[in-house]
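Protein chains in written order, with the numbering used here: chain A, 1 to 87; chain B, 88 to 174.
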């Protein structure tokens with residue numbers, strides 16, 4: 001499934017959260033990653049995030065779509081990640 | 088349609104971009120807004136953003152889905168905006 005994650009965490013944890021999420025997803029903008037993962041991987045991601053973040057201070061939003069075709073993406077200005085081939 | 092916008096703009100323009108987008112969408116996290124808009128409103132939003140941002144420095148990503156039912160949203164940690172009723 002297609003997953004989009006946006007995070008707003010204490011700056012002490014920003015690098016750790018980014019590094020962790022990059023093992024599953026593609027970085028597309030400051031604090032935003034996307035990618036295709038399985039249900040099992042998403043469960044892993046959520047469990048990992050719960051371990052490395054502070055749920056009283058941090059906020060992470062996970063959007064998921066069964067197929068990425070339900071979502072279109074458009075960029076105004078700079079495309080920060082040239083690798084992404086999302087349409 | 089459902090629209091999700093994430094922005095990464097020069098700090099000089101952050102407040103302006105946020106204020107502008109708030110006239111159409113709900114703020115849900117740092118640099119992230121979502122909402123239901125018409126095609127006409129989305130055209131307006133894009134045109135407004137092009138005027139107030141610097142396309143050589145800033146990056147704004149617009150995700151859109153014809154129906155928000157195609158997308159589910161889950162939050163880990165704090166929900167910054169209590170008003171949102173997206174399921």
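Using N, Cα and C, we set each Cβ at its ideal position, and we do this for glycine too.
Any chain B beta carbon closer than 7 Å to residue i
i	result
residue 59 of chain A	yes
residue 86 of chain A	The predicted position of residue 86 of chain A is uncertain, since its pLDDT is 49 and thus under 50; a value taken from the coordinates is nonetheless stated next. Cβ-Cβ to chain B under 7 Å: no for residue 86 of chain A.
residue 75 of chain A	yes
residue 62 of chain A	yes
residue 41 of chain A	no
Cα-Cα separation, residue i to residue j
i	j	result
residue 76 of chain A	residue 1 of chain A	25 Å
residue 166 of chain B	residue 160 of chain B	11 Å
residue 134 of chain B	residue 67 of chain A	29 Å
residue 50 of chain A	residue 136 of chain B	35 Å
residue 156 of chain B	residue 19 of chain A	31 Å
residue 31 of chain A	residue 118 of chain B	9 Å
residue 174 of chain B	residue 168 of chain B	Legend: pLDDT at residue 174 of chain B = 44, less than 50; position of this residue unreliable, value from coordinates given subsequently. Those two C-alpha atoms are separated by around 14 Å.
Beta-carbon proximity of residue i to residue j, cut-off 7 Å
i	j	result
residue 148 of chain B	residue 104 of chain B	no
residue 65 of chain A	residue 158 of chain B	yes
residue 120 of chain B	residue 129 of chain B	no
residue 59 of chain A	residue 142 of chain B	no
residue 124 of chain B	residue 111 of chain B	yes
residue 113 of chain B	residue 127 of chain B	no
Chain A within 7 Å of residue i, Cβ atoms only
i	result
residue 156 of chain B	no
residue 104 of chain B	no
residue 124 of chain B	no
residue 138 of chain B	no
residue 167 of chain B	yes
Presumed contact (8 Å Cβ cut-off) between residue i and residue j, rounded CB distance
i	j	result
residue 132 of chain B	residue 100 of chain B	At roughly 15 Å, the Cβ-Cβ gap does not stay under 8 Å, so residue 132 of chain B and residue 100 of chain B are not in contact.
Residue i beta carbon near the ligand NAP (any heavy atom closer than 6 Å)
i	result
residue 47 of chain A	For the structure depicted, the ligand NAP is absent and the ligand set is empty, with no information on it obtainable.
Close Cβ partners of residue i (< 6 Å) along its chain, the five nearest in sequence each way excluded
i	result
residue 63 of chain A	4
Cut-off 8 Å between Cβ atoms - residues of its own chain near residue i, not counting five sequence neighbours on either side
i	result
residue 57 of chain A	9, 10
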